[in-house]
Amino acid sequence: MGMKSILKVGVSVVALVLVATGAGAADLLEKAKAEGLSYAIISIKPFYYNDDEGRLTGSDVENLRAALAGMGIDKFNPTVTEWSSIVPGVKSGRFDIGAGMYITPERCREVAFTMPYAVIIPALVVKKGNPDHITSWEDFAKRPELKAGVYAGGAEVGYMVKAGVANDNIVQLPDQNSLVQALLNGQIQAFNVGIGQADEIVAQVTELEVAKEFKAPEWSYSYNGWPFAKENVAFVAKLNEQIRKRVESGEAEAINEKFGVKGADLRPFLNNPHINDICSR
Numbered sequence: 004m005g006m007k008s009i010l011k012v013g014v015s016v017v018a019l020v021l022v023a024t025g026a027g028a029a030d031l032l033e034k035a036k037a038e039g040l041s042y043a044i045i046s047i048k049p050f051y052y053n054d055d056e057g058r059l060t061g062s063d064v065e066n067l068r069a070a071l072a073g074m075g076i077d078k079f080n081p082t083v084t085e086w087s088s089i090v091p092g093v094k095s096g097r098f099d100i101g102a103g104m105y106i107t108p109e110r111c112r113e114v115a116f117t118m119p120y121a122v123i124i125p126a127l128v129v130k131k132g133n134p135d136h137i138t139s140w141e142d143f144a145k146r147p148e149l150k151a152g153v154y155a156g157g158a159e160v161g162y163m164v165k166a167g168v169a170n171d172n173i174v175q176l177p178d179q180n181s182l183v184q185a186l187l188n189g190q191i192q193a194f195n196v197g198i199g200q201a202d203e204i205v206a207q208v209t210e211l212e213v214a215k216e217f218k219a220p221e222w223s224y225s226y227n228g229w230p231f232a233k234e235n236v237a238f239v240a241k242l243n244e245q246i247r248k249r250v251e252s253g254e255a256e257a258i259n260e261k262f263g264v265k266g267a268d269l270r271p272f273l274n275n276p277h278i279n280d281i282c283s284r
């Protein structure tokens, strides 16, 4: 299967209901052009943050801004919220679109995702010098005294469970600051985030570092898409056309590189079998 064929697959659920929801796409497109999309985000560098002039920017923000511009949409209306409230808020119609997030089967049952625009490689953040010598998720399974922090409701919970980690060793916290403070005060011994976010954190908090020995298994690489309510899947299909162009051309990766997001280029992963049906992997 060629690159264009693979990209056209996107997230399979989107294509199944396009005809029945064409009016919904037109309605949301009209609203978006007139008013902008309501956009649920979290405040996390390098993905979502305000620059020195107070303008919302970041790798995910600029990727979305570029894709929407191709549809004639020049604005969105962001609301900063807790991570765990994004999917419920999108599903209920409170928000038109949510922050880019890992596409998982559980989330696919609740919302409709765009095709992926980036791949995110997991990283572990530990105290400087890695005093607990943590090199893998399995360490948390073998050593019950170790606890790992994750975002509440984050996909990393499932990854750690798959690696054999007991739920008692996984501490779910609401935001980045909570993860950092829990690590600094010894409540946890490491936390999971994507590599780009990890680099940003340790640049700001010098008592922490990225665990150099940790190598995430490829099955845990996560494909990021934007969530919409399922009745808006026809709009999602139109947005996918713009995402596809930017992934194929390398524009999406150029934006990621600009913000220091490492390993996010989707193109090398397009021939992976599970890219064809991310919602069921």
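Sequential numbering from 4 applies to the sequence shown in this note's numbering. No residue lacks a Cβ here, since even glycine has one placed at the ideal position from N, Cα and C.
Between the C-alpha atoms of Glu-159 and Asn-195, what's the straight-line distance to the nearest angstrom?
-> So the two alpha carbons sit approximately 7 Å from each other.
Heavy atom of the ligand ATP less than 6 Å from the Cβ of Lys-165, yes or no?
-> You won't find the ligand ATP in this model; it holds no ligand whatsoever.
In whole angstroms, what separates the C-alpha of Arg-110 from that of Val-90?
-> The alpha-carbon atoms of Arg-110 and Val-90 are separated by roughly 8 Å.
Identify which residue in Ala-35, Lys-78 and Ala-115 has its Cα closest to the Cα of Cys-282.
-> If we check each option's Cα against that of Cys-282, Ala-115 comes out closest.
Please determine, among Asp-268, Pro-81, Leu-176 and Gln-184, the residue with the shortest C-alpha to C-alpha distance to Gly-199.
-> Ranking the options by Cα distance to Gly-199, first place goes to Asp-268.
Could you tell me if Pro-103 is buried or exposed, where buried requires 16 or more neighbouring beta carbons within 10 angstroms of its beta carbon?
-> Reading the sequence as shown, one finds Gly at residue 103 and not Pro. Here Gly-103 is buried: its Cβ has 16 or more other Cβ atoms, across all protein chains shown, within 10 Å.
Name the two residues that bound the continuous alpha helix (DSSP H) containing Phe-238.
-> 236-252 is the span of the alpha helix (DSSP H), which, as asked, contains Phe-238.
Do you know whose CA, among Asp-142, Phe-98 and Phe-238, lies nearest Leu-31's CA?
-> With respect to the C-alpha of Leu-31, the residue from Asp-142, Phe-98 and Phe-238 having the closest C-alpha is Phe-238.
In this structure, does DSSP put Val-168 in helix, strand or coil?
-> Reduced to three states, the DSSP call for Val-168 is coil.
When Asn-235, Glu-256 and Pro-134 are compared against Asp-63, the one with the closest alpha-carbon | When only C-alpha atoms are compared, the closest one is Glu-256.
Exposed or buried, which one is Asp-55 when buried takes at least 16 other CB atoms within 10 Å?
-> Result: exposed.
From the DSSP output, read off the bridge partner residues of Lys-130.
-> DSSP lists Leu-211 as partners of Lys-130.
What span of residues does the alpha helix (DSSP H) with Glu-91 cover, start to end?
-> Sequence check: residue 91 is Pro here, not Glu. First-last of the alpha helix (DSSP H) with Pro-91: 89-95.
Comparing alpha-carbon positions, which option in Glu-212, Gly-156, Asp-202 and Ala-151 lies nearest Leu-182?
-> The shortest C-alpha separation from Leu-182 is found at Ala-151.
Who are Asn-53's beta bridge partners in DSSP?
-> Looking at the DSSP assignment, Asn-53 forms a beta bridge with Leu-59.
Can you tell me the Cβ-Cβ gap for Tyr-120 and Asn-227, rounded? I've got them flagged as a contact below 8 Å.
-> Their Cβ separation, rounded to whole angstroms, is 6 Å, which keeps Tyr-120 and Asn-227 in contact under 8 Å.
Give the straight-line distance between the Cα atoms of Leu-149 and Asn-172, rounded to the nearest whole angstrom.
-> Each residue's Cα considered, the two are about 7 Å apart.
If Lys-131 and Leu-211 are in contact, beta carbons under 8 Å, what's the gap, nearest whole angstrom?
-> Yes, Lys-131 and Leu-211 are in contact; Cβ-Cβ is about 6 Å, under 8 Å.
Rounded to whole angstroms, what's the CA-CA distance from Thr-82 to Ile-44? Just pull it up for me.
-> Going by the C-alpha atoms only, they are around 6 Å apart.
Please specify which runs of the alpha helix (DSSP H), each continuous and at least 4 residues long, are wholly inside the segment 134-209, giving them in chain order.
-> 141-145, 159-165, 179-187 and 198-207, all fully within the segment 134-209.
Bridge-paired residues (DSSP) for Asn-66 | Answer by DSSP bridge pairing: none, since Asn-66 is not bridged.
Where does the unbroken beta strand (DSSP E) through Pro-119 begin, and where does it stop?
-> Counting along the chain, Pro-119 falls outside any beta strand (DSSP E), and DSSP gives it neither H nor E.
Taking the C-alpha atoms as reference points, what is the distance between Phe-262 and Val-250?
-> If you take the alpha carbons of Phe-262 and Val-250, they lie about 16 Å apart.
Got a sec? Which residues, its chain only, sit under 6 Å from Thr-60 by beta carbon, not counting five neighbours each side?
-> Within the same chain, Thr-60 has close Cβ partners Asp-54.
Assuming Ala-193 and Gly-167 make a contact with CB atoms under 8 Å, what is their CB distance in whole Å?
-> The Cβ separation is near 16 Å, so there is no contact.
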